[in-house]
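This report concerns only the one structure given below.
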Amino acid sequence: MCTASVTVIDNIDPVLVCQDVTVEVGPDGTVMLDPLDAIDFDNTIEACGIEISAVSMDDFSCDDIGTPQEVTIFVSDPSGNLASCTTTVTVVDLLGPEVTCPADMTVDPGGDNLLYEVPDYFADGLASATDNCTDPVTVFAQDPAAGSFIGDGVYTVTLSAFDEYGNEGTCTFELTVESILGVQDSALDSGLVLYPNPANNQVILSNNTNILLDKAQMFDVNGKLVNTIDLTGMQGEKTIDISQLASGVYIVQIEAENASVVKRLIKE
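Heads up, the sequence shown is in my numbering, so the first residue is 25 and it goes up one at a time.
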């Protein structure tokens, strides 16, 4: 009777298969590759298991966007057998710029201005944008657009910024346009009513004050004068034909001898 010791050895290198991988840079503009993401385990062969021993490159940044990088991955099994494969790493940026809006604000058109001209919030330094890859950010948009004219009311302003890869970031704030009225203006404002509003073909102007009116001017949202109505000495009610106007929002400035008020009219 004799005994024998059997030593099992593994001297077969793993069969390592790589797959291409896409990685996304983070807010700091960098990303680390997890080598395991680049291994095709469905087609990799190794009975005893593998572990990563080295990677030719695993740290990427915005500078690598647009230029796929070849990366070699080295593995070993528990017996020290080695294998390697090469993968192509594509770096992308999917994060939009961070946009900072001004706080909600209330503005007065000022003086005898009928409408408020919307400023360019980015150009005026009231808004800003930063991006993980694009520095500086130079492509902006806003709604309502800079240079447009708006009447009294509350508006949601949307500011947008775009990086060089087309990613968009936005923020919003509330803009209140409120004309500061004098005593006579205030009395006229509270005593004048446009109805129905919205209206279709006709709108009625009701003057519930003892103030004699002069005229009314209607402007579209771009500040273009579209109609002038003679209201000389008007008290009571007057029916105004708006059938020729296109559907939309109109600003109506109603004037008396020593007062002026603005109303908003919606034409359906």
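Where is the CB? At the ideal position from N, CA and C, for every residue including glycine.
Only a predicted model underlies this, so the values are computations on that prediction, with no experimental measurement involved.
Checklist entry - By how many angstroms is the C-alpha of valine 276 removed from the C-alpha of aspartate 213? => result 12 Å
Item to check | Span of the beta strand (DSSP E), counted from its first residue to its last, around serine 85 | outcome: 83-85
Item to check | Close-in-space but distant-in-sequence residues of the same chain around aspartate 238 (CB under 8 Å, 5 per side omitted) | outcome: Leu255, Thr256, Glu279, Ala280, Glu281
Checklist entry - In angstroms, rounded to a whole number, what distance separates the CA positions of isoleucine 76 and aspartate 187? => result 36 Å
Item to check | Coarse secondary structure for leucine 183, derived from DSSP in three states | outcome: strand
Item to check | Outcome for methionine 81 when other beta-carbon atoms lying within 10 angstroms are tallied against a minimum of 16 | outcome: Residue environment: methionine 81 is assigned as exposed (fewer than 16 neighbouring CB atoms within 10 Å of its CB, all protein chains considered).
Checklist entry - Can you name the residues that DSSP bridges to glutamate 94? => result Thr112
Checklist entry - Are the beta-carbon atoms belonging to valine 142 and threonine 194 less than 7 Å from one another? => result Not in contact: valine 142 and threonine 194 (Cβ atoms no closer than 7 Å).
Checklist entry - Straight-line CA distance for valine 39 to aspartate 83? => result Computed Cα separation, rounded: 25 Å.
Item to check | 8 Å contact criterion, which alanine 151 and cysteine 125 should meet: CB distance rounded | outcome: 6 Å
Next on the checklist: Can you tell me where the beta strand (DSSP E) holding alanine 170 begins and where it ends?
Outcome noted: For alanine 170, no beta strand (DSSP E) run applies, since DSSP gives it neither H nor E.
Checklist entry - Skipping 5 residues on each side, what residues in its chain have a beta carbon closer than 6 Å to that of glycine 236? => result Note that residue 236 is leucine in the sequence shown here, rather than glycine. Cβ within range, chain order: Gly257.
Checklist entry - Would you call the segment 154-166 and the segment 225-236 in contact, with 3 or more CB pairs under 8 Å? => result Contact between the segment 154-166 and the segment 225-236 is absent: fewer than 3 CB-CB pairs across the two stretches fall below 8 Å.
Checklist entry - Using a Cβ-Cβ cut-off of 7 Å (strictly less than) and excluding sequence neighbours within five positions of leucine 109, which residues of its own chain qualify? => result Note that residue 109 is cysteine in the sequence shown here, rather than leucine. Closer than 7 Å at the Cβ level, and outside the excluded window around cysteine 109, lie Leu40, Val41, Cys42, Ile97.
Checklist entry - If we count the other Cβ atoms within 10 Å of its Cβ and call it buried at 16 or more, is lysine 248 buried or exposed? => result exposed
Checklist entry - How many angstroms separate the CA atom of leucine 183 from the CA atom of threonine 200? => result Rounded to the nearest angstrom, the two C-alpha atoms are 16 Å apart.
Checklist entry - Would DSSP call alanine 223 helix, strand or coil? => result strand
Next on the checklist: Using the three-state DSSP reduction, which class does leucine 212 fall into: helix, strand or coil?
Outcome noted: helix
Item to check | Neighbourhood of proline 92 by C-beta, 6 Å cutoff - its chain only, sequence neighbours within 5 removed | outcome: Thr112, Thr114
Checklist entry - Looking at the structure shown, is aspartate 88 part of a helix, part of a strand, or coil, going by DSSP? => result Here DSSP, grouped into helix, strand and coil, assigns aspartate 88 to helix.
Item to check | Separation of aspartate 117 from valine 55, as counted between CA atoms | outcome: 10 Å
Next on the checklist: Suppose you measure from the CA of asparagine 221 to the CA of valine 250; what does that come to, to the nearest Å?
Outcome noted: 18 Å
Checklist entry - How long is the line joining the alpha carbons of valine 161 and isoleucine 36, rounded to whole angstroms? => result Take the alpha-carbon of valine 161 and the one of isoleucine 36: they are about 54 Å apart.
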